[in-house]
Structures are given as C-alpha cells and as structure tokens.
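Chemist: I have a structure here, written as structure tokens, and I will follow up with some questions on it.
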Amino acid sequence: MNKHTFSLLRLFIPVIAMLAFLLAAASSLFWITRSIDLEASNRQKDVAQHAISQLSSSIAHNQESSTFWDDAVIKMTEPDNEEWIDENLGSWMHTFFGMDKLFVLNGSDQPIYAFDNAKISPREAYFEYAQIIDPFVKSMRSAIASGETPAENSGLQSIGVTDYSFINSRPALISIKPIISDSGEIDLASEQTYLHVAIQFLDGTFAKKLSHDYALPGLRVVSSAQRLPGDIAISVQSKSGGNTIEFEWSAYRPGIQLVKSIAPFIIVSAVMLLLGSLLVSWFSYRRKVDQIENECRVRYLSTHDSLTALPNRYAFDEAVEALCDEIRQQPASKQTAIMFLDLDRFKQINDVFGHQSGDQVLVEITRRLQTLLPAEAMLFRLGGNGFTILLRGCSDDEVNHLSNQIISSVAAPIDLREGQVFTGISIGVSFAPLHGTDHHDLVRKADVALFHAKAAGRGHCSVFGDYMDEALQHQSRIEAGLRFAIVDKAQFSIHYQPKFTCGGTHLNSVEALIRWKHPEYGPISPKIFIPIAESNGLIGELGLWVLETACCDALHWQLDHVAINVSPLQLTDSLFALKVKAILGRTGFPASKLELELTETSIGGKSDVLLSNLVDLAAVGVTFAIDDFGTGSSSFERLKDVKFNRIKIDQGFIREITKSRNDTEIVRAMIALAHANGLQSTAEGVETEEQLSLLCSLGCDELQGYLLGKPKSREKIDHILLNNSGVDPHIRTRMIASA
Numbered sequence: 001m002n003k004h005t006f007s008l009l010r011l012f013i014p015v016i017a018m019l020a021f022l023l024a025a026a027s028s029l030f031w032i033t034r035s036i037d038l039e040a041s042n043r044q045k046d047v048a049q050h051a052i053s054q055l056s057s058s059i060a061h062n063q064e065s066s067t068f069w070d071d072a073v074i075k076m077t078e079p080d081n082e083e084w085i086d087e088n089l090g091s092w093m094h095t096f097f098g099m100d101k102l103f104v105l106n107g108s109d110q111p112i113y114a115f116d117n118a119k120i121s122p123r124e125a126y127f128e129y130a131q132i133i134d135p136f137v138k139s140m141r142s143a144i145a146s147g148e149t150p151a152e153n154s155g156l157q158s159i160g161v162t163d164y165s166f167i168n169s170r171p172a173l174i175s176i177k178p179i180i181s182d183s184g185e186i187d188l189a190s191e192q193t194y195l196h197v198a199i200q201f202l203d204g205t206f207a208k209k210l211s212h213d214y215a216l217p218g219l220r221v222v223s224s225a226q227r228l229p230g231d232i233a234i235s236v237q238s239k240s241g242g243n244t245i246e247f248e249w250s251a252y253r254p255g256i257q258l259v260k261s262i263a264p265f266i267i268v269s270a271v272m273l274l275l276g277s278l279l280v281s282w283f284s285y286r287r288k289v290d291q292i293e294n295e296c297r298v299r300y301l302s303t304h305d306s307l308t309a310l311p312n313r314y315a316f317d318e319a320v321e322a323l324c325d326e327i328r329q330q331p332a333s334k335q336t337a338i339m340f341l342d343l344d345r346f347k348q349i350n351d352v353f354g355h356q357s358g359d360q361v362l363v364e365i366t367r368r369l370q371t372l373l374p375a376e377a378m379l380f381r382l383g384g385n386g387f388t389i390l391l392r393g394c395s396d397d398e399v400n401h402l403s404n405q406i407i408s409s410v411a412a413p414i415d416l417r418e419g420q421v422f423t424g425i426s427i428g429v430s431f432a433p434l435h436g437t438d439h440h441d442l443v444r445k446a447d448v449a450l451f452h453a454k455a456a457g458r459g460h461c462s463v464f465g466d467y468m469d470e471a472l473q474h475q476s477r478i479e480a481g482l483r484f485a486i487v488d489k490a491q492f493s494i495h496y497q498p499k500f501t502c503g504g505t506h507l508n509s510v511e512a513l514i515r516w517k518h519p520e521y522g523p524i525s526p527k528i529f530i531p532i533a534e535s536n537g538l539i540g541e542l543g544l545w546v547l548e549t550a551c552c553d554a555l556h557w558q559l560d561h562v563a564i565n566v567s568p569l570q571l572t573d574s575l576f577a578l579k580v581k582a583i584l585g586r587t588g589f590p591a592s593k594l595e596l597e598l599t600e601t602s603i604g605g606k607s608d609v610l611l612s613n614l615v616d617l618a619a620v621g622v623t624f625a626i627d628d629f630g631t632g633s634s635s636f637e638r639l640k641d642v643k644f645n646r647i648k649i650d651q652g653f654i655r656e657i658t659k660s661r662n663d664t665e666i667v668r669a670m671i672a673l674a675h676a677n678g679l680q681s682t683a684e685g686v687e688t689e690e691q692l693s694l695l696c697s698l699g700c701d702e703l704q705g706y707l708l709g710k711p712k713s714r715e716k717i718d719h720i721l722l723n724n725s726g727v728d729p730h731i732r733t734r735m736i737a738s739a
C-alpha cells in the first residue's frame with residue numbers, strides 16, 4: 001500500500017465515520033420523529049373521542065333544563081300552548097344549545113310541535129324522520145313503563161334515550177327525554193307522558209366548532225372510501241352497532257416539521273447538529289407544554305361557566321358529593337351551608353333590555369358576590385340567574401350576616417348603557433349534616449328554602465325547615481287554583497278605594513283593586529297571587545279583565561278618574577296599547593278618565609316597547625301616575641320622555657309624617673317638585689286626622705287611606721256617590737267608613 005493509497009484511505013475513514021455517525025443520528029432522529037408524531041396523533045384522538053362522547057350527556061343535560069319541570073308537564077295539557085313550547089322546548093334550545101331539529105310527541109307518539117330548518121314548522125314535518133326516530137321512541141316508552149331510573153353517577157335527573165344515527169345521509173345524535181315532574185308530585189303513566197325529541201347533526205356547524213375548540217384542523221365526517229392517506233380518524237358506533245360514524249382531520253405532525261427545520265443544520269456541521277438536538281429537545285418540551293395546557297383547557301371548559309368564569313353545575317355537584325362523603329366518613333365534621341341564590345325580576349331585565357344586558361348584569365352580580373365572600377367559601381353558577389355558595393365551618397349567625405350583605409349589595413342599582421336597572425336576590429339555605437348527608441336531599445332542601453324565600457316576597461333568606469315542604473305543596477295548590485280561577489273569573493272581584501281632593505267635599509276618584517276568594521282557602525292576598533300570575537304568564541289576561549270590569553263599573557260614575565294598576569310585564573307587550581284602546585272602545589269609557597298607575601321600577605329602563613305603549617295611550621287621552629313614588633330611583637328628569645300626570649307618594653313616607661321632621665321635609669319636597677313639573681300629587685296611606693291636616697297644609701292635591709275609606713264593592717261606591725254631594729269632610733269620612 002503506497003502513501004497515496006494510505007492517505008486516500010485516511011481521508012475516507014473520517015468521511016465514512018461521519019457518514020456512519022450521520023446515519024445513526026438520522027436513524028435516531030427518525031425514531032424520535034415517529035414517536036412524537038404517534039404521541040401527538042394519540043393525544044388528538046383522545047381529545048376528539050372525549051369531546052364527541054361528551055355531546056351525548058351534554059344534549060341530555062340541556063334537554064332536562066326544560067323537560068324535567070312541573071310547569072312543562074302542566075303546559076303540555078293546556079290548549080294553545082305552541083308559543084310556550086317554542087320558547088322553552090323549541091327555538092330557545094336551538095338558539096342556546098345549537099340543536100338542529102326539535103319535536104314534542106304526545107302520549108300517543110303523535111307530534112304536537114316541530115322545529116325544523118331553523119324555524120317553527122308544521123307538526124307533520126316530524127313524519128319525514130319518524131321511521132328513524134320510532135325505534136328510539138319505543139325504547140323510551142319501554143323504559144318509562146318499566147320504571148327505569150337514571151344511571152348512578154350519570155348526573156342526569158331523568159331517564160332518556162340517546163344514540164347515533166343517520167338522517168338524510170347526515171350523521172346525527174338523537175336524544176329523547178320524557179317531559180316529567182321535577183317535584184315528583186305529577187305522576188304520569190307511559191301513555192300519558194309527552195316526549196321531547198332533539199336532533200343534532202354531527203357534520204357542518206358541530207364539526208367546525210369541534211375543529212376550532214379542540215385544535216383538530218379540517219375535522220369532517222367521512223366514509224371509509226373518502227379517507228385521505230396520512231389523516232387521523234376515529235369512529236363512534238351506535239349502541240345497536242348498526243351505525244358507524246367516522247371523523248377525520250389533518251394530522252398535526254410536529255416531528256416531521258422538526259426534522260425539516262433542523263435538517264440543513266445537521267448537514268452543515270456537527271455544531272449545527274448539536275444545535276439541532278437542542279432544538280429537538282426544545283420543540284419536544286414546548287409540544288408537551290402545549291398538550292398539557294390544551295388538556296387543562298378542556299378540563300376547565302367542562303367545569304366552568306363561560307360567561308362568569310365561575311365553576312358550573314357539574315363542579316357544584318362534585319363538590320357537594322365530596323362534602324357528603326367527607327361528612328359520612330367523619331361525622332364530627334363542622335357545619336357547612338349550602339346556599340342557593342336566585343336573582344329576582346331577572347327575566348324582566350332580559351325582556352326589556354335584551355340578553356346582552358342581562359349578561360352584563362350577571363357579570364356584575366358575580367363581581368359583587370366575590371367581593372363579599374370569605375376565602376373559604378366556594379361560589380358556583382348553576383346557569384340562568386342561579387348561583388350557589390358552599391360555606392364550610394360556618395355558624396347560623398355568620399350565614400345570616402353574609403345573606404344580609406348579599407341582599408343589600410345586589411339591591412344596589414346596576415349601570416348599563418341603557419340606564420340603571422335594579423334586581424334583587426332571594427336565598428335558600430340547607431345545612432350539612434343538620435339537614436342530612438345525601439347530596440340530592442341537601443340540594444333539594446336548599447331549593448325548597450329558596451322557593452320559600454321567594455314566596456315570602458323576594459329579597460329574603462330562608463333556612464330549610466320541615467314545614468316548608470307542606471308550604472311548597474300549598475303554593476302549588478294555589479298556583480293550580482289560580483289557573484282554574486282565571487278561566488271564568490267567577491272567583492275574582494273588584495273593590496274600589498276612594499280618593500278625595502285635599503279639603504274637598506266630594507269623592508274625587510277611585511283606585512281599582514282586585515280580590516280573589518279561593519273556594520277552599522278563602523280570601524288570598526294580591527301580594528301572594530299577583531307574583532304567581534306574573535311568573536306564570538297569567539298577569540296579562542288578569543290585568544285586562546280588571547281594566548275592562550272597572551271601565552264597565554265606573555261608566556256612569558261622576559268622578560275625575562279611575563286608577564288601574566299595571567304590571568311591568570304588561571308594559572313589555574307590544575300590543576298592550578291596542579288592547580287597552582279596544583277595551584275603551586267596547587265599554588265606551590272615556591280615555592281621559594282612565595289613569596294607569598306604574599311603579600318606578602317598571603319605567604326605570606324605558607324600553608322602546610314600553611315607551612311606544614305609553615305614547616300611544618297618551619295620544620288618546622289616557623293619563624299616568626307613578627305609584628309608590630320615592631321607593632325607586634326615577635327622577636323627574638328621567639321621566640320626561642313620557643307625559644306623567646301624577647305622583648303617588650308611598651305610604652312609607654306618610655306613616656311617620658307627623659312624628660318625623662325628616663319625612664315631613666321629604667314629602668314637602670316631593671309635592672313641590674311635582675307641582676314644579678306640572679304634576680298632581682296623591683298621598684297614600686292616610687290614617688289619621690293629623691296626617692290629613694298636615695298634607696293639606698303642604699299642598700297635596702289628593703288623599704287616599706283608611707281614614708277616608710277602605711276598598712269597597714261597586715254597590716257601596718254607588719251608594720256613596722248618591723249621598724256625597726255637599727257633605728262636610730268629617731261627616732263624609734264617617735259616612736264612607738260606615739258604607
């Protein structure tokens with residue numbers, strides 16, 4: 001071997017060694033790349049499988065928000081209920097939960113409502129899909145008839161049937177829920193139970209949302225023949241095994257991307273190879289961090305409310321279950337309060353200002369609650385306008401003090417772009433282990449206590465007591481009785497409370513007040529049945545009956561005006577003004593003698609519908625009074641958009657007017673401001689001669705109260721008017737009291 005040959009050999013040995021080294025490095029890099037890509041693919045499959053499997057329980061949970069409800073069971077049997085069904089079981093679920101097709105079937109499995117193609121459709125639209133849905137319906141009926149209950153730890157409150165299928169060649173999830181009682185007091189046989197059918201397509205919008213939310217690029221539904229090489233796919237199968245749905249998306253391959261980015265550096269030099277190795281480690285680390293963050297995000301979204309960022313109902317149920325387990329294992333555990341909070345009059349805010357403003361209110365209420373809660377308290381949002389608090393190691397006094405703080409804080413005005421709005425909050429409390437150690441029982445008792453707080457007039461806190469179950473049943477009977485009474489109105493009557501001009505000698509006007517005499521319970525206060533009528537959508541019909549009856553009764557009375565109270569919900573009816581004008585036309589009652597009384601809170605927002613109603617009625621001569629003036633937040637400046645004629649000073653200011661200089665000056669200022677703005681003033685709750693004399697000296701225009709006369713029937717008002725001409729005021733008072 002000569003020198004040239006040896007030198008040439010030495011030249012190639014390092015080259016061969018380098019080539020061998022590079023080959024070994026490339027082999028190692030290939031193995032690493034393949035492992036990273038395989039891990040990424042498996043992670044994406046796990047995320048996609050989890051997200052799709054969650055849809056089945058999610059759609060069932062969403063249905064239960066309206067199907068597991070006493071009101072829904074009752075509404076199913078009422079005539080002309082399509083609007084209610086659409087608002088609660090149709091369009092609303094399409095808008096908020098993304099369900100594509102919705103149907104309601106009666107006990108004979110015949111459709112009574114259909115929502116198809118993003119709108120209410122003829123109920124016959126159901127039959128286009130009946131052949132596919134019928135097997136699920138039969139399975140549902142069988143489950144109801146056999147008394148099947150929800151699977152343990154499913155988180156569901158009622159049984160249901162959920163499975164995958166194909167509808168018009170589109171993959172879909174079909175979920176059927178029975179419309180049943182949440183209180184358990186309405187017991188229905190299978191053939192009497194209405195069914196709610198929801199269909200959500202898995203392609204189109206759902207696939208795009210899944211692709212966006214879980215970083216699965218190009219996610220789509222495909223058949224086996226349409227699969228693209230290199231893409232990732234998973235499949236879900238129906239419970240019967242008859243339908244298989246495949247999802248495919250573009251694979252994210254961080255390993256290959258990594259090789260492309262560092263390959264030039266490996267070829268250039270060994271230093272760049274080292275740098276490439278460092279980059280591999282760095283990118284691998286970043287990929288692992290991204291995966292962990294993505295998993296944390298998925299877990300966070302499943303347990304938190306997207307609007308307020310509070311833990312949601314799922315997280316609440318888990319927390320209460322853990323609490324109960326802890327108490328059962330350690331019976332000496334400290335007392336824990338389970339507090340249910342529900343905003344009062346929140347639906348009115350949504351109706352008047354819109355759901356966007358309602359969301360702003362919820363965010364502000366969340367902020368206020370978080371400010372008040374101690375560090376050990378846990379705050380949850382259950383959805384809608386409901387919140388819950390878990391307060392560990394607390395005393396009764398601490399819970400009472402916190403509840404009072406919450407009620408006071410929530411009652412403060414909330415500033416929106418449209419103006420200030422007001423809401424309140426009611427609180428129901430159960431204690432563990434005092435009221436039990438069962439999760440569902442503790443939650444039920446807190447909910448019953450909340451119902452009791454609302455029934456007591458809202459803005460209250462109630463702690464559960466055994467008597468509340470009976471009170472709840474009584475309340476349900478009152479609600480059922482009210483629905484029956486409204487049908488023919490025979491149980492209702494109108495009484496009229498007299499009003500006098502200050503220092504006058506004859507009756508000036510009357511205020512119409514509705515009375516209800518229940519056949520079993522006797523007279524029921526309007527403070528009880530009016531809120532029930534408002535919450536159940538009955539106030540419109542009842543209010544118009546009061547208006548028409550009063551117009552007929554007062555047609556020939558020689559009075560300045562007849563006052564009628566108007567519910568805030570009536571003012572949000574776009575046809576309210578037309579209905580009032582129609583009643584005036586039928587009865588012949590002069591519009592100029594009709595005075596509608598509105599509370600300050602009902603006009604605080606001045607929605608377009610409300611203002612339109614008031615302007616239309618004012619145009620025909622109807623006048624308006626602001627009832628309970630001084631208890632809200634309206635100023636004369638805020639009320640300038642509508643011509644009001646009168647303020648009614650709340651009796652809370654009149655009660656101590658002869659004893660409290662502060663109340664005297666407040667009333668004096670109200671009367672002066674009213675006159676300065678061209679308004680009349682009426683004082684409510686006048687009960688003594690001293691109050692009457694002082695109010696007259698302050699310039700009050702009109703007086704109303706038990707001193708001058710309690711509410712009376714139409715016949716007694718007729719008698720008073722026939723004998724009221726030219727009578728001394730003191731004789732007049734005694735005459736009215738004795739009439």
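Taking my numbering, the leading residue of the sequence shown gets 1, the next gets one more, and so forth.
No residue lacks a Cβ here, since even glycine has one placed at the ideal position from N, Cα and C.
1) Out of 490, 439 and 428, point me to the one whose CA is closest to residue 460's CA.
2) Given a cut-off of 8 Å, decide if residue 134 and residue 125 are closer than it, judged by their beta-carbon atoms.
3) Any idea what DSSP makes of residue 412, helix, strand or coil?
4) What is the DSSP secondary structure of residue 366, counted as helix, strand or coil?
5) Tell me, please, which residues DSSP counts as bridged to residue 511.
6) For residue 741, count the other beta carbons within 10 Å of its own beta carbon; 16 or more makes it buried, fewer makes it exposed. Which is it?
7) Using the Cα positions of residue 599 and residue 345, report the straight-line distance between them to the nearest angstrom.
8) Hey, quick one: how far does the beta strand (DSSP E) through residue 718 stretch, first residue to last?
9) From residue 82 to residue 235, what does the alpha carbon distance come to, in whole angstroms?
10) Just how far apart, CA to CA, sit residue 755 and residue 132?
11) Please determine, among 477, 491, 58 and 498, the residue with the shortest C-alpha to C-alpha distance to residue 707.
12) Can you look up residue 570 in the DSSP assignment and give me helix, strand or coil?
13) Suppose you measure from the CA of residue 375 to the CA of residue 389; what does that come to, to the nearest Å?
14) Just verifying my parser: in three-state terms, what is the DSSP assignment at residue 115?
15) Under 7 Å Cβ to Cβ from residue 334, same chain only, skipping five residues before and after it: list those, please.
16) Would you kindly work out how many angstroms separate the C-alpha atoms of residue 447 and residue 338, rounded to a whole number?
17) If you measure between the beta carbons of residue 69 and residue 182, is that distance less than 8 Å?
18) Looking at C-beta atoms only, is the number of pairs between the segment 554–561 and the segment 522–535 that lie closer than 8 Å three or more?
19) Going straight from the alpha carbon of residue 580 to that of residue 90, what length do you get?
20) Entirely within the segment 384–472 and at least 3 residues each: give me those beta strand (DSSP E) ranges in chain order.
21) Under the DSSP definition of a beta bridge, which residues are partnered with residue 336?
22) In this structure, does DSSP put residue 346 in helix, strand or coil?
23) Residue 564 and residue 544 - do their beta-carbons sit closer together than 8 Å?
24) When we look at the beta-carbon of residue 94 and count the other beta-carbons within 10 Å, is it buried (16 or more) or exposed?
25) Considering only DSSP beta bridges, list what residue 73 is partnered with.
26) Locate the beta strand (DSSP E) running through residue 688, then write down its first and last residues.
27) So residue 235 is in the beta strand (DSSP E); what residue range does that whole segment cover?
28) Between the beta-carbon of residue 674 and the beta-carbon of residue 647, is there less than 8 Å?
29) Quick one: measure Cβ to Cβ for residue 625 and residue 645, integer angstroms, because I've assumed they're closer than 8 Å.
30) For the alpha helix (DSSP H) that contains residue 195, what are its first and last residues?
31) Could you check which residue in 623, 716 and 452 has the C-alpha nearest to that of residue 679?
32) Would a C-beta distance cut-off of 8 Å place residue 314 and residue 302 closer than the cut-off?
33) Between which residues of its own chain and residue 511 is the CB-CB distance below 6 Å, once the five residues before and five after are set aside?
34) What does the Cβ neighbour count give for residue 730, buried or exposed, with the cut at 16 atoms within 10 Å?
35) Please state the DSSP three-state secondary structure of residue 248.
36) What's the C-alpha gap between residue 493 and residue 536?
Modeler: This is what the structure holds:
1) Position 460 of the sequence shown holds residue 460. Taking only the C-alpha atoms, the option nearest residue 460 is 428.
2) By one-based count along the sequence shown, residue 125 stands at place 125. By one-based count along the sequence shown, residue 134 stands at place 134. No; because the gap between Cβ atoms is not below 8 Å, this pair is not in contact.
3) Start at 1 with the first residue of the sequence shown, and residue 412 comes out as number 412. Correct three-state label for residue 412: coil.
4) Within the sequence shown, residue 366 is the residue found at index 366, counting from 1. The answer is helix: DSSP assigns residue 366 an H, G or I state.
5) In the sequence shown, counting from the first residue as 1, residue 511 sits at position 511. Answer is 497 and 563, bridged to residue 511.
6) Within the shown structure, residues of the chain are numbered from 1 to 739, placing residue 741 beyond reach of any answer.
7) Sequence index remark: in the sequence shown, residue 599 carries index 599 (1-based). Sequence index remark: in the sequence shown, residue 345 carries index 345 (1-based). So the two alpha carbons sit approximately 14 Å from each other.
8) As a working note, residue 718 is residue 718 in the sequence shown. Run containing residue 718: none in the beta strand (DSSP E); it sits in the alpha helix (DSSP H), 714–722.
9) What you label residue 82 is simply residue 82 of the sequence shown in a count that begins at 1. What you label residue 235 is simply residue 235 of the sequence shown in a count that begins at 1. Going by the C-alpha atoms only, they are around 38 Å apart.
10) Because the chain spans 1 through 739 in this model, residue 755 falls outside it and cannot be assessed.
11) Here residue 707 corresponds to residue number 707 of the sequence shown, with the count starting at 1. Closest by alpha carbon: 498.
12) Translated into positions along the sequence shown, residue 570 becomes position 570. Here residue 570 sits in helix by DSSP.
13) Counting from 1 along the sequence shown, the entry for residue 375 is found at position 375. Counting from 1 along the sequence shown, the entry for residue 389 is found at position 389. Answer to the nearest angstrom: the Cα atoms are 12 Å apart.
14) Position 115 of the sequence shown holds residue 115. Of the three classes helix, strand and coil, the one that applies to residue 115 here is strand, per DSSP.
15) Against the sequence shown, residue 334 aligns to sequence position 334. Counting only Cβ-Cβ distances below 7 Å, and skipping sequence neighbours, we find 392 and 393.
16) Your numbering for residue 447 matches position 447 in the sequence shown. Your numbering for residue 338 matches position 338 in the sequence shown. Rounded to whole angstroms, residue 447 to residue 338 spans 10 Å at the Cα level.
17) By one-based count along the sequence shown, residue 69 stands at place 69. By one-based count along the sequence shown, residue 182 stands at place 182. Their beta carbons are under 8 Å apart, which means residue 69 touches residue 182 by this criterion.
18) no
19) Along the sequence shown, one-based indexing puts residue 580 at 580. Along the sequence shown, one-based indexing puts residue 90 at 90. When rounded, the distance between both Cα atoms is 31 Å.
20) 386–392, 414–416, 419–421, 424–432 and 461–463
21) Indexing the sequence shown from 1 puts residue 336 at position 336. For residue 336, which the question treats as bridged, DSSP gives the partners 392 and 432.
22) The residue given as residue 346 occupies position 346 in the sequence shown. It is helical.
23) Start at 1 with the first residue of the sequence shown, and residue 544 comes out as number 544. Start at 1 with the first residue of the sequence shown, and residue 564 comes out as number 564. No, Cβ-Cβ distance for residue 544 and residue 564 is not below 8 Å.
24) As a working mapping, residue 94 is identified with position 94 in the sequence shown. Buried, since its Cβ has 16 or more Cβ neighbours within 10 Å.
25) Walking along the sequence shown from the start, residue 73 turns up at place 73. Residue 73 pairs with nothing; no bridge assigned.
26) On the sequence shown, position 688 is the one that residue 688 refers to. Element bounds for residue 688: n/a, residue is neither H nor E.
27) Numbered from 1 along the sequence shown, position 235 holds the residue referred to as residue 235. Run containing residue 235: 232–237, per the beta strand (DSSP E) assignment.
28) Against the sequence shown, residue 674 aligns to sequence position 674. Against the sequence shown, residue 647 aligns to sequence position 647. In contact: residue 674 and residue 647 (Cβ atoms closer than 8 Å).
29) Locating residue 625 in the sequence shown gives position 625, where the first residue counts as 1. Locating residue 645 in the sequence shown gives position 645, where the first residue counts as 1. That pair is a contact at about 7 Å.
30) Sequence index remark: in the sequence shown, residue 195 carries index 195 (1-based). Premise fails: residue 195 lies in the beta strand (DSSP E), 194–201, not in any alpha helix (DSSP H).
31) On the sequence shown, position 679 is the one that residue 679 refers to. Taking only the C-alpha atoms, the option nearest residue 679 is 623.
32) For the purposes of this step, residue 314 is taken as residue 314 along the sequence shown, with counting starting at 1. For the purposes of this step, residue 302 is taken as residue 302 along the sequence shown, with counting starting at 1. A contact, by the Cβ cut-off of 8 Å.
33) On the sequence shown, position 511 is the one that residue 511 refers to. These residues qualify, in order along the chain: 497 and 563.
34) One-based indexing of the sequence shown puts residue 730 at position 730. Because the pLDDT of residue 730 is 48, which lies under 50, any placement of that residue in the model is unreliable, and the question is left without a value.
35) Against the sequence shown, residue 248 aligns to sequence position 248. If DSSP states are grouped into helix, strand and coil, residue 248 belongs with the strands.
36) Here residue 493 refers to the residue found at position 493 of the sequence shown. Here residue 536 refers to the residue found at position 536 of the sequence shown. Their Cα atoms are separated by approximately 21 Å.
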